[in-house]
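Residue numbers (my numbering): 113 to 632.
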Ligand code: KIV
Ligand code: ZN
């Protein structure tokens, strides 16, 4: 599913630099195998140019670029090189096995970079541009030249260098915003100025390469395209030096979703965006911010009641693209304290429950109470809650309140209030631990001969705020019953489970001795 193919003049080349600028960012190093895996996915998803690395930087980089060059089926494989003969030769050797190869050579052109970093005069830089593009061109017909720190470069000098690079054979001219300093209008004006003033500008494709230091990498890239650039250099998840590069998934989806104002197209299969994001996050160990556009885990999640209600009526109320279009299986309605009745009913249906109106009402009240205490309410929490609701609907003994004093200073004590056939009764008891104290309260209020055969606790979900699910088995006269109770408080869950089992025993007794209808 490419992004709405149109005429060739509106096609934007996607140049992915995840494996070069991205891998260069602190902590994002990938192993050889991981680089091959990422390159294969980029190739499959329709990236036009894969910048596979910086071959002179290390033996590892060289071998990775070379292997990617051998394996890539569709994309152009590109290597980066500084403006030095050794760099260019090494880069040429690395990309040589590719079906289609590119050498990307760069040199700084801004006053601050030339003076402090290169310690060269502008004329020396100008000469190097010509020499290195010419050298690269001897290896391949596809040469890209970048003026590092282009957005802080003197305009006259920039135009002279661009003209010279094109004359020497550069087929792509990249004007990077290396330090993430420009703003959209200014970046667009820079491209218009260069294209207007450089006499041979029509002989090359212009490219944007934006860093995100001020959070404008995507906006700047798209502004450059509107001004005439037809290549975007970007990276999956926006990884790259410092604040990163423009995120591939964002530029691609912006052109797809807002094709009315950005009438350009790319070759990217957008349904693979999520997969690519997950892979890059996994191999770099860079987590994806939850609210990251397109691929963040909240990008298609709705929690507020009003939004969930709208989404259930029509997805377009709160979604400008479908989750499927970027490879996300489905919208998720996150159940939490902001969720309304509509979303709760929808969730129950999804989980396969059919409740009566009364049960539904009770379950909703209990869900709201749980959501107030627990950050995330998972499907398992709702299942535990509803199962209990169904199980306790007929109960004659219910827990009203429980207070337990536990800790190192024993004996532990509990105060419990139970509703027994509509009467509230309260009692206090001590015990050998808080669970024992709780059960002793219940025994005082509901005397019985049943013995505890099983007491088991497990967490319904992960985390310290997870609900505890307690199972209790009671045996009486050779018959045993088991019941479960769930609550974020393990002691409350224990009391509920114990009472659940007692209620079941009462039903059994009632069946065998119809006269025994009062609580024991
Ligand atoms: O940010 C930059 O200027 C670069 C160049 C090497 C293209 O990454
Ligand atoms: Zn960069």
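Just so you know, even glycine gets a beta-carbon here, dropped at the ideal spot from N, CA and C.
- Sorting 352, 199 and 437 by C-alpha distance to the C-alpha of residue 393 places 352 at the top.
- In this structure residue 550 is in contact with residue 603, their Cβ atoms being roughly 5 Å apart against a cut-off of 8 Å.
- A straight-line Cα-Cα distance of about 15 Å links residue 492 and residue 476.
- Within the model, the alpha-carbon separation for residue 387 versus residue 439 is close to 7 Å.
- The three-state secondary structure of residue 119, taken from DSSP, is coil.
- In this structure, residue 130 has its beta carbon at no less than 8 Å from each heavy atom of the ligand ZN.
- Looking only at 561, 552 and 574, the smallest Cα-Cα distance to residue 490 is reached by 574.
- For residue 454, the enclosing alpha helix (DSSP H) starts and ends at 453-462.
- By the neighbour-count criterion, in which a residue is buried when 16 or more other Cβ atoms sit within 10 angstroms of its Cβ, residue 332 is buried.
- Shown here for residue 409: same chain residues with a beta carbon closer than 6 Å to its own, the five before and five after excluded, namely 402 in chain order.
- Residue 496 and residue 538 have their C-alpha atoms roughly 27 Å apart.
- With contacts defined by Cβ atoms closer than 9 Å, residue 201 and residue 132 do not form a contacting pair.
- Rounded to the nearest whole angstrom, the C-alpha separation of residue 154 and residue 128 is 8 Å.
- Separation of residue 348 and residue 124 (C-alpha to C-alpha, rounded to the nearest whole angstrom) is 17 Å.
- In the structure shown, the three-state DSSP call for residue 355 is coil.
- Residue 254 places its beta carbon 9 Å or farther from that of residue 278.
- Checking the 8 Å criterion, the Cβ of residue 462 is out of range of every heavy atom belonging to the ligand ZN.
- Judged by the Cβ position, residue 263 fails to qualify as a neighbour of the ligand ZN at the 8 Å threshold, every heavy atom of the ligand being at least this far.
- Counting the other CB atoms within 10 Å of its CB gives residue 534 a total below 16, which places it among the exposed residues.
- The bridge partners DSSP lists for residue 194 are 218.
- Beyond the five residues adjoining it in sequence on each side, residue 140 comes within less than 7 Å, by CB distance, of 134, 351, 396 and 398 in the same chain, given in chain order.
- Shortest Cα-Cα distance from residue 572 to any of 558, 453, 607 and 599 involves 599.
- The C-alpha of residue 526 lies about 10 Å from the C-alpha of residue 545.
- Remark: the shortest separation between the CB of residue 133 and any heavy atom of the ligand ZN falls under 8 Å.
- For residue 554, the CB contacts under 8 Å within the same chain, skipping 5 residues up- and downstream, are 528, 530, 607, 610, 611 and 614 in chain order.
- Excluding five sequence positions before and after residue 192, the CB atoms of its chain that fall closer than 6 Å to its own CB belong to 132, 166 and 216, given in chain order.
- DSSP, read as helix, strand or coil, puts residue 293 in coil.
- In the structure shown, residue 437 falls within a helical segment according to DSSP collapsed to helix, strand and coil.
- Across the structure, residue 207 and residue 177 are spaced so that their CA atoms are roughly 6 Å apart.
- Bounds of any beta strand (DSSP E) do not take in residue 495; it lies within the alpha helix (DSSP H) bounded by 491-504.
- For the ligand KIV, a non-hydrogen atom lies closer than 8 Å to the CB of residue 218.
- In its chain, beyond the 5 residues on either side, 247 have a beta carbon closer than 7 Å to the beta carbon of residue 197.
- In this chain, residue 543 is not harboured by any alpha helix (DSSP H); it is covered by the beta strand (DSSP E) spanning 535-543.
- Per DSSP, residue 398 lies in no beta strand (DSSP E) and is assigned neither H nor E.
- Residue 296 places its beta carbon less than 9 Å from that of residue 335.
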